[in-house]
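Engineer: Before we start, here is the structure in question, set down as C-alpha coordinates.
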Amino acid sequence: MTQGSDRFQFLDGLRGIAALWVVLLHFHTLINERSTNQFSWVLNQILPHGHIGVNIFFVLSGFVIAYSIRQNIITFPFIARFFIRRSIRLDPPYWAALLILTGLILAGPFFFQRGIEYVPSYQHLFLNAFYIHNFFELKSILPVAWTLALEFQFYFVFVFLLKSVQSLNIQMNHSEFNYSTKYATGLFWFLFILSLMQMSHIGLFLELPGFFLPFWYSFFIGSLLCWAMLSLVSEFQLFLFFTAMLLFYVIGKNEDILITSAVALSIQLCIKKNKLHSYLSSYPFQYLGKISYSLYLTHWCVGTKLISLISYALNTGINEIPASILLIMGTLPSLAVAHIFYHYIEQPCLHWSRKIKFETIFPLQNFRATKEKQGP
(Lines of atoms letter the chains of each structure in order from A and count residues from 1; the text may use other names and numbers.)
(Lines give C-alpha, C1' and ligand atoms only; values in the text may rest on other atoms or scores of the structure.)
Protein backbone atom coordinates (compact mmCIF):
# COMPACT_ATOMS: atom_id res chain seq x y z
CA MET A 1 0.00 0.00 0.00
CA THR A 2 1.69 3.18 -1.16
CA GLN A 3 1.43 6.92 -1.14
CA GLY A 4 3.96 8.47 -3.46
CA SER A 5 7.26 6.66 -2.98
CA ASP A 6 6.41 5.62 0.57
CA ARG A 7 4.40 2.65 1.76
CA PHE A 8 1.56 2.70 4.22
CA GLN A 9 3.57 0.42 6.45
CA PHE A 10 0.97 0.33 9.19
CA LEU A 11 -1.54 -1.19 6.78
CA ASP A 12 1.01 -3.70 5.46
CA GLY A 13 1.93 -4.74 8.99
CA LEU A 14 -1.71 -4.94 10.04
CA ARG A 15 -2.43 -7.21 7.09
CA GLY A 16 0.43 -9.48 8.14
CA ILE A 17 -0.88 -9.69 11.71
CA ALA A 18 -4.36 -10.48 10.40
CA ALA A 19 -3.13 -13.31 8.17
CA LEU A 20 -1.01 -14.89 10.90
CA TRP A 21 -3.84 -14.59 13.41
CA VAL A 22 -6.24 -16.44 11.10
CA VAL A 23 -3.61 -19.15 10.51
CA LEU A 24 -3.01 -19.63 14.23
CA LEU A 25 -6.75 -19.79 14.88
CA HIS A 26 -7.09 -22.68 12.41
CA PHE A 27 -4.14 -24.56 13.91
CA HIS A 28 -5.37 -23.91 17.46
CA THR A 29 -8.79 -25.33 16.61
CA LEU A 30 -7.35 -28.41 14.90
CA ILE A 31 -4.89 -29.17 17.70
CA ASN A 32 -7.65 -28.91 20.29
CA GLU A 33 -9.63 -31.47 18.27
CA ARG A 34 -6.74 -33.93 17.92
CA SER A 35 -4.87 -33.58 21.21
CA THR A 36 -5.82 -33.62 24.87
CA ASN A 37 -2.97 -31.26 25.73
CA GLN A 38 -3.96 -27.72 26.61
CA PHE A 39 -2.52 -24.44 25.39
CA SER A 40 -1.31 -21.88 27.90
CA TRP A 41 -3.84 -19.45 29.34
CA VAL A 42 -2.35 -16.59 27.30
CA LEU A 43 -2.63 -18.44 23.97
CA ASN A 44 -6.17 -19.51 24.80
CA GLN A 45 -7.09 -15.85 25.28
CA ILE A 46 -5.55 -14.74 21.97
CA LEU A 47 -5.74 -17.49 19.35
CA PRO A 48 -9.50 -18.22 19.44
CA HIS A 49 -10.11 -14.62 18.36
CA GLY A 50 -8.25 -15.05 15.07
CA HIS A 51 -11.51 -14.42 13.21
CA ILE A 52 -10.79 -10.74 13.85
CA GLY A 53 -8.24 -11.09 11.05
CA VAL A 54 -11.11 -11.37 8.56
CA ASN A 55 -12.59 -8.07 9.79
CA ILE A 56 -9.18 -6.50 9.34
CA PHE A 57 -8.90 -7.89 5.80
CA PHE A 58 -12.23 -6.42 4.75
CA VAL A 59 -11.52 -2.94 6.14
CA LEU A 60 -8.06 -2.91 4.57
CA SER A 61 -9.47 -4.05 1.22
CA GLY A 62 -11.90 -1.15 1.18
CA PHE A 63 -9.13 1.31 1.98
CA VAL A 64 -6.71 -0.15 -0.57
CA ILE A 65 -9.19 -0.27 -3.46
CA ALA A 66 -10.41 3.27 -2.78
CA TYR A 67 -6.82 4.51 -2.69
CA SER A 68 -5.72 2.60 -5.78
CA ILE A 69 -8.44 4.19 -7.95
CA ARG A 70 -8.57 7.52 -6.12
CA GLN A 71 -7.75 9.55 -9.25
CA ASN A 72 -9.53 7.48 -11.87
CA ILE A 73 -12.66 8.42 -13.74
CA ILE A 74 -14.64 5.19 -13.90
CA THR A 75 -15.54 4.19 -17.46
CA PHE A 76 -16.44 0.80 -18.88
CA PRO A 77 -12.95 0.37 -20.42
CA PHE A 78 -11.51 1.26 -17.01
CA ILE A 79 -13.72 -1.35 -15.31
CA ALA A 80 -12.52 -3.99 -17.78
CA ARG A 81 -8.87 -3.12 -17.10
CA PHE A 82 -9.54 -3.02 -13.36
CA PHE A 83 -10.91 -6.55 -13.27
CA ILE A 84 -8.23 -7.91 -15.58
CA ARG A 85 -5.62 -6.42 -13.28
CA ARG A 86 -7.25 -7.79 -10.12
CA SER A 87 -7.66 -11.19 -11.74
CA ILE A 88 -4.00 -11.40 -12.74
CA ARG A 89 -2.98 -10.29 -9.26
CA LEU A 90 -5.21 -12.60 -7.21
CA ASP A 91 -6.54 -15.51 -9.26
CA PRO A 92 -3.44 -17.52 -10.32
CA PRO A 93 -2.15 -17.83 -6.71
CA TYR A 94 -5.62 -18.89 -5.59
CA TRP A 95 -5.92 -21.40 -8.42
CA ALA A 96 -2.48 -22.80 -7.59
CA ALA A 97 -3.43 -23.26 -3.92
CA LEU A 98 -6.75 -24.79 -4.97
CA LEU A 99 -5.00 -27.35 -7.20
CA ILE A 100 -2.41 -28.14 -4.53
CA LEU A 101 -5.11 -28.83 -1.95
CA THR A 102 -7.12 -30.91 -4.42
CA GLY A 103 -3.97 -32.94 -5.11
CA LEU A 104 -3.47 -33.50 -1.40
CA ILE A 105 -7.08 -34.64 -1.04
CA LEU A 106 -6.59 -37.16 -3.84
CA ALA A 107 -3.27 -38.29 -2.33
CA GLY A 108 -4.85 -38.82 1.08
CA PRO A 109 -5.18 -42.63 0.82
CA PHE A 110 -1.42 -42.96 0.26
CA PHE A 111 -0.76 -41.27 3.60
CA PHE A 112 -3.72 -42.27 5.71
CA GLN A 113 -4.46 -45.73 4.27
CA ARG A 114 -8.16 -45.07 3.98
CA GLY A 115 -10.62 -44.09 1.27
CA ILE A 116 -11.07 -40.55 0.04
CA GLU A 117 -13.87 -38.96 2.02
CA TYR A 118 -14.64 -36.38 -0.63
CA VAL A 119 -13.48 -35.85 -4.22
CA PRO A 120 -14.31 -32.45 -5.78
CA SER A 121 -16.09 -32.80 -9.10
CA TYR A 122 -15.02 -30.78 -12.14
CA GLN A 123 -18.13 -28.66 -11.70
CA HIS A 124 -17.28 -28.04 -8.05
CA LEU A 125 -13.72 -27.08 -8.99
CA PHE A 126 -14.99 -24.71 -11.68
CA LEU A 127 -17.44 -22.99 -9.34
CA ASN A 128 -14.75 -22.67 -6.67
CA ALA A 129 -12.24 -21.31 -9.16
CA PHE A 130 -14.55 -18.43 -10.06
CA TYR A 131 -15.80 -17.68 -6.54
CA ILE A 132 -19.44 -18.59 -7.20
CA HIS A 133 -19.71 -21.87 -5.28
CA ASN A 134 -21.33 -20.15 -2.30
CA PHE A 135 -24.33 -19.17 -4.44
CA PHE A 136 -24.98 -22.87 -5.00
CA GLU A 137 -24.51 -23.63 -1.30
CA LEU A 138 -21.43 -25.71 -2.07
CA LYS A 139 -18.60 -25.76 0.43
CA SER A 140 -15.26 -24.16 -0.32
CA ILE A 141 -12.63 -26.70 -1.35
CA LEU A 142 -10.08 -24.29 0.11
CA PRO A 143 -11.86 -23.30 3.34
CA VAL A 144 -10.59 -19.71 3.36
CA ALA A 145 -12.00 -19.06 -0.13
CA TRP A 146 -15.31 -17.73 1.19
CA THR A 147 -13.64 -14.41 1.99
CA LEU A 148 -12.12 -14.21 -1.50
CA ALA A 149 -15.58 -14.74 -3.00
CA LEU A 150 -16.90 -11.83 -0.96
CA GLU A 151 -13.94 -9.64 -1.94
CA PHE A 152 -14.73 -10.17 -5.62
CA GLN A 153 -18.31 -9.04 -5.03
CA PHE A 154 -17.05 -6.01 -3.09
CA TYR A 155 -14.88 -4.95 -6.03
CA PHE A 156 -17.72 -5.42 -8.50
CA VAL A 157 -20.24 -3.41 -6.49
CA PHE A 158 -17.71 -0.72 -5.56
CA VAL A 159 -16.56 0.18 -9.08
CA PHE A 160 -20.11 0.27 -10.43
CA LEU A 161 -21.20 2.31 -7.43
CA LEU A 162 -18.49 4.87 -8.16
CA LYS A 163 -19.34 4.87 -11.86
CA SER A 164 -22.95 5.65 -11.00
CA VAL A 165 -21.94 8.49 -8.67
CA GLN A 166 -19.40 9.96 -11.09
CA SER A 167 -21.81 9.78 -14.05
CA LEU A 168 -24.54 11.63 -12.15
CA ASN A 169 -22.02 14.18 -10.89
CA ILE A 170 -21.11 14.97 -14.49
CA GLN A 171 -24.79 15.42 -15.39
CA MET A 172 -25.27 17.73 -12.39
CA ASN A 173 -22.13 19.75 -13.22
CA HIS A 174 -20.30 18.56 -10.10
CA SER A 175 -16.77 17.24 -9.95
CA GLU A 176 -16.66 13.51 -10.67
CA PHE A 177 -14.91 13.09 -7.32
CA ASN A 178 -17.46 14.92 -5.21
CA TYR A 179 -18.65 12.07 -3.01
CA SER A 180 -20.65 14.40 -0.76
CA THR A 181 -23.52 15.18 -3.13
CA LYS A 182 -27.05 14.29 -2.05
CA TYR A 183 -27.20 11.43 -4.53
CA ALA A 184 -23.84 9.97 -3.51
CA THR A 185 -24.55 10.36 0.19
CA GLY A 186 -28.00 8.80 -0.14
CA LEU A 187 -26.69 5.83 -2.12
CA PHE A 188 -23.80 5.25 0.28
CA TRP A 189 -26.08 5.39 3.31
CA PHE A 190 -28.71 3.13 1.75
CA LEU A 191 -26.23 0.30 1.13
CA PHE A 192 -24.44 0.87 4.44
CA ILE A 193 -27.60 0.72 6.57
CA LEU A 194 -28.94 -2.24 4.59
CA SER A 195 -25.65 -4.04 5.22
CA LEU A 196 -25.79 -3.35 8.96
CA MET A 197 -29.39 -4.56 9.04
CA GLN A 198 -28.38 -7.78 7.32
CA MET A 199 -25.44 -8.35 9.65
CA SER A 200 -27.58 -7.59 12.72
CA HIS A 201 -30.64 -9.55 11.51
CA ILE A 202 -32.70 -6.42 12.09
CA GLY A 203 -35.72 -5.43 10.01
CA LEU A 204 -35.65 -6.65 6.41
CA PHE A 205 -33.37 -9.68 6.44
CA LEU A 206 -32.67 -11.73 3.33
CA GLU A 207 -31.05 -15.14 3.77
CA LEU A 208 -28.97 -15.27 0.59
CA PRO A 209 -26.03 -17.71 0.79
CA GLY A 210 -22.70 -16.26 -0.30
CA PHE A 211 -24.08 -12.75 -0.75
CA PHE A 212 -21.82 -9.78 -0.02
CA LEU A 213 -24.35 -7.47 1.62
CA PRO A 214 -23.93 -8.43 5.32
CA PHE A 215 -20.21 -7.67 5.10
CA TRP A 216 -20.40 -4.61 2.83
CA TYR A 217 -20.29 -2.14 5.73
CA SER A 218 -16.83 -3.41 6.77
CA PHE A 219 -15.43 -2.95 3.27
CA PHE A 220 -17.06 0.44 2.76
CA ILE A 221 -15.90 1.92 6.07
CA GLY A 222 -12.37 1.24 4.84
CA SER A 223 -13.11 3.20 1.66
CA LEU A 224 -14.53 6.06 3.73
CA LEU A 225 -11.34 6.16 5.81
CA CYS A 226 -9.35 6.61 2.63
CA TRP A 227 -11.68 9.26 1.21
CA ALA A 228 -11.63 11.21 4.47
CA MET A 229 -7.83 11.10 4.43
CA LEU A 230 -7.89 12.45 0.85
CA SER A 231 -10.56 15.07 1.72
CA LEU A 232 -13.06 13.50 -0.68
CA VAL A 233 -15.54 13.25 2.19
CA SER A 234 -15.58 15.21 5.43
CA GLU A 235 -14.51 13.81 8.77
CA PHE A 236 -17.98 14.64 10.04
CA GLN A 237 -19.46 12.29 7.44
CA LEU A 238 -17.02 9.60 8.55
CA PHE A 239 -18.07 10.21 12.16
CA LEU A 240 -21.72 9.68 11.22
CA PHE A 241 -20.94 6.31 9.64
CA PHE A 242 -19.00 5.30 12.76
CA THR A 243 -21.99 6.34 14.86
CA ALA A 244 -24.31 4.20 12.75
CA MET A 245 -22.12 1.14 13.31
CA LEU A 246 -22.07 1.67 17.06
CA LEU A 247 -25.85 2.16 17.18
CA PHE A 248 -26.42 -1.08 15.31
CA TYR A 249 -24.04 -2.85 17.67
CA VAL A 250 -25.99 -1.56 20.67
CA ILE A 251 -29.26 -2.71 19.10
CA GLY A 252 -28.18 -6.04 17.63
CA LYS A 253 -25.18 -6.95 19.82
CA ASN A 254 -23.32 -8.30 16.79
CA GLU A 255 -19.65 -8.71 17.69
CA ASP A 256 -18.44 -8.30 14.10
CA ILE A 257 -19.78 -4.76 13.95
CA LEU A 258 -17.96 -3.79 17.15
CA ILE A 259 -14.72 -5.41 15.96
CA THR A 260 -14.93 -3.69 12.58
CA SER A 261 -15.54 -0.35 14.31
CA ALA A 262 -12.45 -0.88 16.47
CA VAL A 263 -10.30 -1.82 13.47
CA ALA A 264 -11.48 1.19 11.48
CA LEU A 265 -10.99 3.52 14.46
CA SER A 266 -7.41 2.30 14.94
CA ILE A 267 -6.66 3.15 11.30
CA GLN A 268 -8.30 6.56 11.63
CA LEU A 269 -6.27 7.36 14.75
CA CYS A 270 -3.13 6.32 12.92
CA ILE A 271 -4.05 8.64 10.03
CA LYS A 272 -4.68 11.54 12.42
CA LYS A 273 -1.31 10.97 14.08
CA ASN A 274 0.32 10.80 10.63
CA LYS A 275 1.74 7.37 11.46
CA LEU A 276 0.61 5.30 8.48
CA HIS A 277 4.21 5.27 7.28
CA SER A 278 5.84 4.37 10.60
CA TYR A 279 3.69 2.19 12.87
CA LEU A 280 4.39 -1.57 12.42
CA SER A 281 7.30 -0.68 10.14
CA SER A 282 9.76 -3.19 11.61
CA TYR A 283 10.88 -6.05 9.37
CA PRO A 284 8.85 -8.92 10.93
CA PHE A 285 5.57 -7.07 10.42
CA GLN A 286 6.50 -5.95 6.91
CA TYR A 287 7.63 -9.45 5.96
CA LEU A 288 4.37 -10.95 7.20
CA GLY A 289 2.48 -8.28 5.28
CA LYS A 290 4.37 -9.12 2.10
CA ILE A 291 3.62 -12.85 2.22
CA SER A 292 0.20 -12.50 3.88
CA TYR A 293 -1.84 -13.52 0.83
CA SER A 294 0.40 -16.51 0.14
CA LEU A 295 0.27 -17.53 3.80
CA TYR A 296 -3.51 -17.18 3.86
CA LEU A 297 -3.85 -19.36 0.76
CA THR A 298 -1.34 -22.10 1.53
CA HIS A 299 -1.48 -22.68 5.29
CA TRP A 300 -4.42 -25.04 4.87
CA CYS A 301 -2.36 -27.10 2.43
CA VAL A 302 0.66 -27.18 4.74
CA GLY A 303 0.06 -26.65 8.45
CA THR A 304 -3.36 -28.27 8.80
CA LYS A 305 -2.35 -31.26 6.68
CA LEU A 306 0.91 -31.65 8.59
CA ILE A 307 -0.84 -31.57 11.97
CA SER A 308 -3.41 -34.07 10.67
CA LEU A 309 -0.62 -36.34 9.42
CA ILE A 310 1.14 -36.20 12.80
CA SER A 311 -2.15 -36.99 14.51
CA TYR A 312 -2.77 -39.98 12.25
CA ALA A 313 0.79 -41.30 12.52
CA LEU A 314 1.04 -41.02 16.30
CA ASN A 315 -2.60 -41.66 17.16
CA THR A 316 -2.84 -41.18 20.94
CA GLY A 317 0.91 -40.54 20.98
CA ILE A 318 0.16 -37.01 19.82
CA ASN A 319 -0.82 -36.31 23.41
CA GLU A 320 2.86 -36.61 24.33
CA ILE A 321 3.66 -33.49 22.29
CA PRO A 322 2.91 -30.15 23.98
CA ALA A 323 0.20 -28.19 22.18
CA SER A 324 2.50 -25.19 21.69
CA ILE A 325 5.09 -27.43 19.97
CA LEU A 326 2.42 -28.75 17.61
CA LEU A 327 1.48 -25.15 16.87
CA ILE A 328 5.09 -24.35 15.97
CA MET A 329 5.33 -27.54 13.87
CA GLY A 330 2.38 -26.33 11.83
CA THR A 331 3.34 -22.66 11.65
CA LEU A 332 7.02 -22.72 10.66
CA PRO A 333 6.56 -24.98 7.59
CA SER A 334 3.55 -22.87 6.60
CA LEU A 335 5.68 -19.71 6.70
CA ALA A 336 8.43 -21.42 4.71
CA VAL A 337 6.04 -22.60 2.00
CA ALA A 338 4.33 -19.19 1.91
CA HIS A 339 7.75 -17.59 1.36
CA ILE A 340 8.43 -19.87 -1.62
CA PHE A 341 4.88 -19.51 -2.93
CA TYR A 342 5.16 -15.73 -2.78
CA HIS A 343 8.44 -15.53 -4.69
CA TYR A 344 7.58 -18.05 -7.40
CA ILE A 345 3.84 -17.59 -7.87
CA GLU A 346 2.38 -14.49 -6.20
CA GLN A 347 5.17 -12.00 -6.91
CA PRO A 348 5.30 -12.70 -10.68
CA CYS A 349 1.52 -12.23 -10.81
CA LEU A 350 1.91 -8.94 -8.95
CA HIS A 351 4.46 -7.72 -11.51
CA TRP A 352 2.30 -8.81 -14.45
CA SER A 353 -0.77 -7.10 -13.02
CA ARG A 354 1.10 -3.80 -12.77
CA LYS A 355 1.61 -3.83 -16.53
CA ILE A 356 -2.12 -3.16 -16.91
CA LYS A 357 -2.23 0.63 -16.72
CA PHE A 358 -5.16 2.85 -15.83
CA GLU A 359 -5.20 5.66 -18.36
CA THR A 360 -7.82 8.11 -17.11
CA ILE A 361 -6.24 10.09 -14.29
CA PHE A 362 -7.65 13.11 -12.48
CA PRO A 363 -5.32 15.17 -10.28
CA LEU A 364 -6.86 15.31 -6.81
CA GLN A 365 -5.26 18.65 -6.11
CA ASN A 366 -7.62 20.17 -8.71
CA PHE A 367 -10.62 18.87 -6.76
CA ARG A 368 -9.22 20.20 -3.49
CA ALA A 369 -8.56 23.60 -5.06
CA THR A 370 -12.14 23.72 -6.35
CA LYS A 371 -13.49 22.90 -2.88
CA GLU A 372 -11.37 25.65 -1.31
CA LYS A 373 -12.70 28.23 -3.78
CA GLN A 374 -16.29 27.16 -3.13
CA GLY A 375 -15.80 27.24 0.62
CA PRO A 376 -17.40 24.86 3.12
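Residue numbers for the sequence shown follow UniProt numbering, so the first one is 1 and each next one is one higher.
In this text, a Cβ means the ideal position worked out from N, Cα and C, and glycines have one as well.
Any idea what DSSP makes of arginine 89, helix, strand or coil?
Structural biologist: helix
Engineer: Below 6 Å CB to CB, which residues in the same chain sit around threonine 298 once its five sequence neighbours on both sides are set aside?
Structural biologist: Excluding sequence positions up to five before and after threonine 298, its CB lies within less than 6 Å of the CB of Ala97, Val337, Ala338, Phe341, all in the same chain and listed in chain order.
Engineer: I need the DSSP call for asparagine 173, collapsed to helix, strand or coil.
Structural biologist: coil
Engineer: With C-beta atoms as the reference, is cysteine 349 less than 8 Å away from arginine 7?
Structural biologist: no
Engineer: Taking all protein chains shown into account, decide if serine 292 is buried (16 or more other Cβ within 10 angstroms of its Cβ) or exposed.
Structural biologist: Label assigned to serine 292: buried.
Engineer: How is asparagine 319 classed by DSSP in three states: helix, strand or coil?
Structural biologist: helix
Engineer: Could you name the residues of the same chain whose beta carbon sits closer than 7 Å to that of glutamine 374, not counting the 5 residues immediately before and after it, in chain order?
Structural biologist: A caution first: glutamine 374 carries a pLDDT of 46, below 50, which makes its placement in the model unreliable, though a value can still be read off. Once the five neighbours on either side are set aside, glutamine 374 has no close Cβ partner at all.
Engineer: Quick one: grab the DSSP three-state call for asparagine 72.
Structural biologist: strand
Engineer: Okay, do the stretch 257 to 266 and the stretch 233 to 246 touch, 3+ Cβ pairs below 8 Å being the bar?
Structural biologist: yes
Engineer: For the alpha helix (DSSP H) that contains glutamine 45, what are its first and last residues?
Structural biologist: From DSSP, the alpha helix (DSSP H) with glutamine 45 extends over 41 to 46.
Engineer: Could you check whether leucine 142 and tryptophan 41 sit closer than 8 Å to each other, using their CB atoms as the reference points?
Structural biologist: no
Engineer: In whole angstroms, give me the CA-to-CA distance for methionine 199 and valine 54.
Structural biologist: 15 Å
Engineer: Pick helix, strand or coil for arginine 7, following the three-state DSSP scheme.
Structural biologist: strand
Engineer: What whole-angstrom Cβ distance do residue 378 and phenylalanine 220 have, given they're in contact under 8 Å?
Structural biologist: For the chain, the structure presents residues 1 to 376; residue 378 sits outside this window and is missing.
Engineer: What residues in its chain sit with their C-beta under 7 Å from that of glutamate 346, if we drop five residues either side in the sequence?
Structural biologist: Pro93, Tyr293, Ser294
Engineer: Cα-Cα, which of Leu187, Phe130, Phe27, Val144 is closest to glutamine 166?
Structural biologist: Looking at Leu187, Phe130, Phe27, Val144, the one whose alpha-carbon comes closest to that of glutamine 166 is Leu187.
Engineer: In this structure, does DSSP put valine 263 in helix, strand or coil?
Structural biologist: helix
Engineer: When the Cα of leucine 224 is compared with those of Ile267, Leu276, Ser140, which residue comes out closest?
Structural biologist: Ile267
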